[in-house]
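**Q** Each number in the working numbering corresponds to the 1-based position in the sequence shown with 98 added. Where is the CB? At the ideal position from N, CA and C, for every residue including glycine. Questions regarding the structure given below will be posed in turn.
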Amino acid sequence: MKRYMVWWGALFFLVMFTSLYLMLETVTSPNTGSLARSEAMEGMEAKIHMIEQDLNKNKELIADIKNWVGLLAKGDDNALGHLVKLVNEKSGDVVAVPKKDDLVKDQAQKPVAVPEALKQDSAARETAKPGEIYEVSPGEKVTVSGSMCSLSSSKGANADIDMHQVVDTLPFDNPDGGAWKQGWDVKYDPSEVSTKKLKIFVVPHSHCDPGWIKTYMDYYRQQTRNIFENMLPKMEEDSRRKFIFAEISYFSLWWDELDAMRRDRVKKLIDGGRLEIVTGGWVMPDEANTHYFAIIDQLLEGHQWLNGTLGVRPKSGWAVDPFGYSSTMAYLLKRMGFENMLIQRVHYSMKKYLSRQQSLEFMWRQQWDSEHTTDMFCHAMPFYSYDVPHTCGPDPKVCCQFDFRRLPGSKYNCPWRIPPQAITDSNVAERARTLLDQYRKKSQLYKTGVVLAPLGDDFRYDKADEWDLQYNNYQKLFDYINKHPELGAEAQFGTLTDYFDAVHEETKQTPSFFPSLSGDFFTYADKDDHYWSGYFTSRPFHKNMDRVVEANLRSAEIIFTLAQAYARKNRASNFPSVEMMKKLVTARRSLGLFQHHDAIAGTAKDFVINDYGERLLEGLTGAKQVMAESAAFLVVKDKGQYKYDAAAPILDLDQVREAHDSLPLRPVIQLSSTPTQVIVYNSLGHRRVQLVSVFVTQASVEVTNPYGSVVHSQTQPFFVDSNTVTDGSRFKVSFVAEVPALGVAVYTLKQAGDGQDTKNHLASTTFINPKSSVNSQGAFSIRSTTGNEDFSIKNSVLEATFDGSSGLLKLVKTLATGEERKTYVKFALFGARNTKEKSGAYLFLPDGPGQNTDEIKPVIRITRGPMVSEVHVFTKYVHHVVRLVNTPGVDALSLDIHNMVDIRTLSNREISMRIHTDIANDDRIFYTDLNGFQMQRRQTYDKLPLQGNVYPMPSSMFIQDSAARFSILSAQSLGVFVSKPGQVDIMLDRRLNQDDGRGLQQGVLDNRLTPNHFRLLLETRKDVTQTKSPGVAFPSHLSNVASLHLMQPLFAMPRSAKHAHTPLTFLSEFSPMNVELPCEVHLVNLRTLQNKDDSADLKYVPRDSAAMLLHHMGGDCSFPLHGVSCRPNDGKVSLAQMFSELKLNDLHETTLTLMHDLEEVDAVMEFPVPPMEIKTFKAALS
99 MKRYMVWWGA
109 LFFLVMFTSL
119 YLMLETVTSP
129 NTGSLARSEA
139 MEGMEAKIHM
149 IEQDLNKNKE
159 LIADIKNWVG
169 LLAKGDDNAL
179 GHLVKLVNEK
189 SGDVVAVPKK
199 DDLVKDQAQK
209 PVAVPEALKQ
219 DSAARETAKP
229 GEIYEVSPGE
239 KVTVSGSMCS
249 LSSSKGANAD
259 IDMHQVVDTL
269 PFDNPDGGAW
279 KQGWDVKYDP
289 SEVSTKKLKI
299 FVVPHSHCDP
309 GWIKTYMDYY
319 RQQTRNIFEN
329 MLPKMEEDSR
339 RKFIFAEISY
349 FSLWWDELDA
359 MRRDRVKKLI
369 DGGRLEIVTG
379 GWVMPDEANT
389 HYFAIIDQLL
399 EGHQWLNGTL
409 GVRPKSGWAV
419 DPFGYSSTMA
429 YLLKRMGFEN
439 MLIQRVHYSM
449 KKYLSRQQSL
459 EFMWRQQWDS
469 EHTTDMFCHA
479 MPFYSYDVPH
489 TCGPDPKVCC
499 QFDFRRLPGS
509 KYNCPWRIPP
519 QAITDSNVAE
529 RARTLLDQYR
539 KKSQLYKTGV
549 VLAPLGDDFR
559 YDKADEWDLQ
569 YNNYQKLFDY
579 INKHPELGAE
589 AQFGTLTDYF
599 DAVHEETKQT
609 PSFFPSLSGD
619 FFTYADKDDH
629 YWSGYFTSRP
639 FHKNMDRVVE
649 ANLRSAEIIF
659 TLAQAYARKN
669 RASNFPSVEM
679 MKKLVTARRS
689 LGLFQHHDAI
699 AGTAKDFVIN
709 DYGERLLEGL
719 TGAKQVMAES
729 AAFLVVKDKG
739 QYKYDAAAPI
749 LDLDQVREAH
759 DSLPLRPVIQ
769 LSSTPTQVIV
779 YNSLGHRRVQ
789 LVSVFVTQAS
799 VEVTNPYGSV
809 VHSQTQPFFV
819 DSNTVTDGSR
829 FKVSFVAEVP
839 ALGVAVYTLK
849 QAGDGQDTKN
859 HLASTTFINP
869 KSSVNSQGAF
879 SIRSTTGNED
889 FSIKNSVLEA
899 TFDGSSGLLK
909 LVKTLATGEE
919 RKTYVKFALF
929 GARNTKEKSG
939 AYLFLPDGPG
949 QNTDEIKPVI
959 RITRGPMVSE
969 VHVFTKYVHH
979 VVRLVNTPGV
989 DALSLDIHNM
999 VDIRTLSNRE
1009 ISMRIHTDIA
1019 NDDRIFYTDL
1029 NGFQMQRRQT
1039 YDKLPLQGNV
1049 YPMPSSMFIQ
1059 DSAARFSILS
1069 AQSLGVFVSK
1079 PGQVDIMLDR
1089 RLNQDDGRGL
1099 QQGVLDNRLT
1109 PNHFRLLLET
1119 RKDVTQTKSP
1129 GVAFPSHLSN
1139 VASLHLMQPL
1149 FAMPRSAKHA
1159 HTPLTFLSEF
1169 SPMNVELPCE
1179 VHLVNLRTLQ
1189 NKDDSADLKY
1199 VPRDSAAMLL
1209 HHMGGDCSFP
1219 LHGVSCRPND
1229 GKVSLAQMFS
1239 ELKLNDLHET
1249 TLTLMHDLEE
1259 VDAVMEFPVP
1269 PMEIKTFKAA
1279 LS
């Protein structure tokens, strides 16, 4: 008890000292803000009340202390931790919050950092109504050192071929090469026939798009099922026949239709090495727009299906149709246990360069990898396409003669008007020599005598006669070649792995035999100046929705896994595991399907895009339902009281969508004097302090945190449109939520009575150029002006200044240093060039550099408040919002930008957001991310057309000079380019009247009202002597955390009105982590493993085991890290201590998609995750 009295005395002294200080500070502090005349009175009124408020704070604090001391005396296990936290909040220090048991046992645990409490800031006083003043202090700086900084200071991969240097040196000319238009007249010494024996593998395949010109299911019913149905008997006719297939989304459909006998026949083909599953993902993903979470997830889905159903573990990657290639994919396949991969759609100039060097086969090395642990053997196909005319050799008119589906009488023919001939005894000799000539010419482009000749195209072999025509005619050619050794060749049907095995056998598995290569293969051009950079932006509505589904699926996976574990722990059979698992599997497969290279790319027919959208919506809704149900189960104090009712769930969803192409709607909480609970869920591995906004029916609100204390909140009116019309039944309330890692915090909201809303602040609104008269609503201050003077908004860290005429951003100032950065925002329109070939879904062929739009007196709405201030500009094509939030967390350190784009009235136009800064990147070097996983150096070249300088931006980009960096963090994938030093264009949407000749046979005219979301982050280097354009670059550590917060939002789920009066008691918070993850380690997923997919009884019964994927995000240490609640730890993770009540049993490290176990892990030891690496663990949670 003496210890408690010491606490009481210390806290009482602290309260008195703090109160005196605050009162003195209140009287003496100058008002440093520049107040608008109409807002000055509000500030004066606030100051008059401040001394009284500080005295009230004293009373409240003493009451809080008495409450916790009383509970401590009664033996409350959590009271001591809350007392320590209270001291922390009033002293401004970051301290550990130990548990009572930990203090008794004196066990050394790593502290969970508690963020600084909210302090008062003079800038916020301008708009606060009389009541308590809300202020914050910026978060403290965090020291980053050790291995976390080793990558950013290293020289990188030191590969034989650096693709950036290749781009720098290539002339990108396009001389006519003869038969091989984009190459040269390939020749060989005839004597080579007797000295270099070729080993030829003809690999039959069928590339099946899960949606493009037809929907996924229409393709299956009309074509893909026929391919499988023909394959089984035709392959059994001759044991020498082989075939490869890639897309498990199709294969799994067919498998479900087979009886046991036919399944056994398929397994026999696979086990015999005659049918090979290549890559084995749910789809063949696009590699430009996809995020690495979704790439891994669809590969996990495919690999888990294959391994669980067939016992198959793919070895070789096959990517013939994505429109450019990311080095991220090579890394992922390597870490999945793959040995080889193949790519096809590479810029024709790069293909020619690699062909000249005999470097079309290389060890693809990650650019940061100085130890060469990521080297992946890659085969690049040399010619225009993966169809038969472009795969046997350099002359397509010859190769087409060996596509026997095009025999005379077929509806298919050769464009070169030389038809194939059926192979007979009379022509086999001539035909074999003609074909061998092409094979040998192709071999001149590679270092070995092993030749790969793919035999297929889109949806080939869907007719039984094609199996006969191709296999029978080729077998006659093989028989002849193999019986005539003087031809110097051996030929056979093979699989992709057969080919790679032969290559490795010839080179004696010597990696140094092949050159190493670093970099990527963007941006792709198939001919002339036809750059495929349009699809980086096509259908941006669905690109945005993709990321929304990803965030919801990932969050649902994690909280479902935790709910499952706690259900087992509590022996709670009332948790609906099977129902939730079914929704998760549906969401996984819907998202996986959309990663297909004609889906997320936006290059499918309108009705196909709609089909994808409906599937995404089903997956999104299901993921949200899983999240809400799991959160409800975890926060219900008595698990026995929990009851699942699909028709009346305990929690409302945080958002709903009425249709696949509609914008999300958030629930409106009906406020009364009875508190309504809002459950806030954080899916990240560190505690978050972040602004949360909800809609309510009353303007005067009281928000209470999980500890029972009233917290500051801000209310602003809801405007129906750009005019001053407000919705009196709906208000937006914002408050700062503090949510545990992987946990849930329960906040309560209620209508505040008169005089009870001292911590609720009403925002003020100013209109410039309003379209109608302005009327104040209730207590809100709403005024209008027609002036064109510049204006600003600010928080405790930044001040943003806007042009008074256009309302657009022009300057950002860092308040602590006074440093100002020019940041001019404009919007630009691009037309389609007036030539025969124009922009379409794939191609970007603009008519010029883009013209800035003229914004003539747009409606501007400025909302100011102590917690969030924002500027809305209603331009002709974009509703543009810039927002500054005022919290002690990461979200206060950057500008939040929302655009709502509508170009449905335009014709053959594309629109960009153009940002001109004072960053001096005079060489126009910039960096864009690859799949949200790594950054790639880019440079704008005058030798390339504008469209050739556009690159994908899946999640971020930055420009920098020796002193500063300007980063754009994006919540969706879009195209980006830098045409001038310091200027960045982000493509927002495109509306195009015509097809661009790449097979889609339509334009892009299904535009929608499209949201996009960005954060602008300006950072100053700690050491200005560092190089400004390194070959290998990384985001700052702050940028990594900010990007996670942008892409993985907090979810606020209100308690359903249907359960307002049910006797359910909620915990104040659910905090499952004992030791949080360090700042640099991201929990990619915590995914419950599915049971046997082809078992009707077990399909949706979740296993006890889960996959945990951890990524050590590479970061640049030359920029300060602050505002975070996490702490760095050199990538070391305490697996045994990670969870407070759960244990990881049977813990194994595995390959990335769990195909291969690597080693058993001692959970007691700290596990190091090296920089940039993703580590996968399989464990049973109990």
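1) If you reduce the DSSP assignment to three classes, tell me which class K155 lands in.
2) Is it right to say R515 is buried, meaning 16 or more other beta carbons lie within 10 angstroms of its own, or is it exposed?
3) In angstroms with no decimal places, state the Cα-to-Cα distance between R433 and P518.
4) By Cβ distance below 6 Å, which residues in the same chain neighbour A1261 in space, the five residues on each side in sequence not counted?
5) Are the CB atoms of T407 and D1192 within a distance shorter than 8 Å?
6) Below 8 Å on the Cβ atoms is my contact criterion, and I expect N1091 with E655 to pass it. Report the Cβ-Cβ distance as a whole number of Å.
7) Please say whether G700 and Y633 have beta carbons closer to each other than 8 Å?
8) Starting from the Cα of K703, find the closest Cα among E230, A551, R1096 and Q464 and give me that residue.
9) How is the alpha helix (DSSP H) around C497 delimited, first residue to last?
10) Helix, strand or coil for H488 per DSSP?
11) In whole angstroms, give me the CA-to-CA distance for M461 and A527.
12) CB-CB under 7 Å to L715, same chain, minus the five flanking residues each way: which ones, in chain order?
13) For H262, which of E1239, I1272, P1128 and V1139 has the nearest alpha-carbon?
14) Is F925 near T951, with beta carbons less than 8 Å apart?
15) Below 8 Å on the Cβ atoms is my contact criterion, and I expect P1052 with D1027 to pass it. Report the Cβ-Cβ distance as a whole number of Å.
16) Just the Cα atoms here: how many angstroms apart are G385 and V809?
17) Quick one: Cα of R463 to Cα of D618, how far?
18) Alpha carbon to alpha carbon, what distance is there between T863 and M1263?
19) Which parts of the region 272 to 306 are runs of the beta strand (DSSP E), unbroken and 3 residues or longer, counting only runs that do not cross its ends?
20) Apart from the five residues just before and just after D467, which ones in its own chain have a Cβ nearer than 7 Å to its Cβ?
21) My output table needs one value for F1283: the three-state DSSP class, helix, strand or coil.
22) Can you find at least 3 beta carbon pairs, one from the region 625 to 643 and one from the region 935 to 946, that sit closer than 8 Å?
23) By DSSP's criteria, S890 is part of a beta bridge. Which residues make up the other side?
24) Can you give me the start and stop residues for the beta strand (DSSP E) that R828 sits inside?
25) What did DSSP end up calling T605 once you bin it into helix, strand or coil?
26) Sort out for me which residues DSSP pairs W85 with in a bridge.
27) Taking the beta carbon of D199 as the centre, do at least 16 other beta carbons fall within 10 Å, making it buried, or is it exposed?
28) Got a sec? Which residues, its chain only, sit under 8 Å from S827 by beta carbon, not counting five neighbours each side?
29) Looking at Y779: is its Cβ nearer than 8 Å to the Cβ of I657?
30) Near L1240, which residues of its chain fall below 6 Å by C-beta distance, leaving aside the five closest residues on each side in sequence?
31) Which of the three DSSP states is assigned to E334 in this structure?
32) Can you tell me whether Y740 is buried or exposed? The criterion is at least 16 other CB atoms within 10 Å of its CB, across all chains shown.
33) Does DSSP classify Q1235 as helix, strand or coil?
34) Quick one, which of V983, R645 and N1029 has its alpha-carbon nearest P236's?
35) Ends of the alpha helix (DSSP H) at W403?
36) Going residue by residue through the region 985 to 1019, where are the continuous beta strand (DSSP E) segments of at least 3 residues, counting only ones entirely within it?
**A** From the atom records:
1) Low local confidence applies: a pLDDT of 47 at K155 is under 50, so the model's placement there is unreliable, with the coordinate-based value given in what follows. Correct three-state label for K155: helix.
2) exposed
3) 43 Å
4) L1233, A1234, L1242 and L1245
5) yes
6) No, N1091 and E655 are not in contact; Cβ-Cβ is about 42 Å, not under 8 Å.
7) yes
8) R1096
9) P494 to C497
10) helix
11) 38 Å
12) R755 and H758
13) P1128
14) yes
15) 6 Å
16) The sequence given here places Glu at residue 385; Gly does not occur at that position. Roughly 45 Å between the two C-alpha positions.
17) 10 Å
18) 56 Å
19) 296 to 305
20) A255
21) Since the first and last residues shown for the chain are 99 and 1280, residue 1283 lies out of range.
22) yes
23) T899
24) T824 to V837
25) coil
26) Nothing in the structure corresponds to residue 85, since the chain is present only between 99 and 1280.
27) With a pLDDT of only 37 at D199, under 50, the local geometry of the prediction cannot be trusted, and the value read off the model is given with reservation. That one is exposed.
28) V766 and T795
29) yes
30) A663 and L1279
31) helix
32) buried
33) coil
34) V983
35) Y390 to L408
36) 993 to 999 and 1007 to 1015
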